[in-house]
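S.K.: There's a structure below that I have some questions on.
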Amino acid sequence: GKTHGLMKHMEKSYDSLRSKVGMPVDFLNYFAIHVLKVNGLVPSLIGEVLSAPDSLLISDTLATLCNSLPSAGELIQCHIDSEKGNTSELKDSAFVILLDFEYSLRAFLRSCMLPKEGQKIERLVEPFCVSWYKKGCVLYDQYSPKIDFRSYFPSSDAAFLLAFSLLMLNTELHSRVLNVSQRKASGAEATCLFQPFFSRLQHVDGLKNFTEDALFQVFNRIWKTEFR
């Protein structure tokens with residue numbers, strides 16, 4: 001019911017806003033921002049709507065939303081500062097890129113909560129990964145050529161596989177049904193939970209260049225702070 005109502009609202013908004021925007025390329029940006037600012041909408045409802053199949057309006061709105069999120073490469077300045085000793089933890093280029101991806105994924109999930117169905121999750125996550133990868137290729141080449149972005153992410157498919165691995169990890173660590181005791185585990189037990197996650201990624205083409213240390217740092221960040 002709520003999803004149907006929002007679809008009707010979007011169709012009405014589409015007709016209303018289209019006449020106010022001069023160029024088609026501007027329209028989708030206006031429309032995506034408008035949808036996100038509708039009073040009373042919650043991220044879970046937005047996620048349900050934007051994962052709907054067979055709608056050019058929905059897919060274009062989702063792509064525009066992804067493009068408007070914090071862009072890949074925003075942490076590069078922190079990496080540059082770290083060379084001066086300000087943020088030493090970012091000297092590891094693998095961790096820089098992983099942290100960049102994690103930040104961007106969290107921003108996406110705050111704007112658009114994932115539904116429960118696998119196919120709907122794929123419809124949402126894939127455009128995010130495509131957008132993030134394209135921006136990353138440009139920005140890392142331009143602002144931090146010493147970081148070989150493509151050696152870590154040879155394609156947007158690699159970003160997609162990492163996103164799903166992180167989402168699975170988040171579920172494993174924070175499921176209230178299965179992992180209540182695990183969330184209270186000691187550091188040694190947390191390390192044991194990391195090993196299956198690390199092993200899975202070692203069998204994924206395109207993600208083998210991430211160091212164990214960099215992946216463990218991201219693992220700890222998700223262990224401490226659940227995706228919301």
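With the first letter of the sequence shown counted as 1, position 69 gets the number 69 in UniProt numbering; the numbers rise by one all the way through.
Beta carbons: idealized from backbone N, C-alpha and C, even for Gly.
(1) Whole angstroms is fine: what's the gap from Met113's alpha carbon to Trp132's?
(2) Rounded to a whole number of angstroms, what is the C-alpha to C-alpha distance between Asp205 and Glu117?
(3) Quick one: what's got a C-beta closer than 7 angstroms to Leu162's C-beta in the same chain, skipping five residues either side?
(4) Return helix, strand or coil for Thr171, following the three-state DSSP convention.
(5) Would you check if the segment 216-223 and the segment 144-161 touch, i.e. whether three or more CB-CB distances between them fall below 8 angstroms?
(6) Taking the alpha carbon of Lys224 as the reference point, which residue from Pro115, Leu169 and Asp92 has its own alpha carbon closest?
(7) Measure the C-alpha to C-alpha separation of Leu173 and Phe227 and round it to an integer number of angstroms.
(8) Please check the pair Leu124 and Leu62, which I expect to be a contact at CB under 8 angstroms, by giving their CB distance rounded to whole angstroms.
(9) Over the uninterrupted alpha helix (DSSP H) stretch that includes Asp213, give me the two end residues.
(10) Rounding to the nearest angstrom, what Cα-Cα distance links Gln142 and Pro196 in this structure?
(11) Between the C-alpha atoms of Met23 and Asp92, what's the straight-line distance to the nearest angstrom?
M.R.: Quick answer:
(1) 18 angstroms
(2) 26 angstroms
(3) Phe101 and Leu207
(4) helix
(5) no
(6) Leu169
(7) 10 angstroms
(8) 7 angstroms
(9) Glu212 to Lys224
(10) 35 angstroms
(11) Its pLDDT being 45, under 50, Met23 is placed unreliably by the model, and the measurement read from it follows with that caveat. Near 43 angstroms, if we compare the C-alpha coordinates of Asp92 and Met23.
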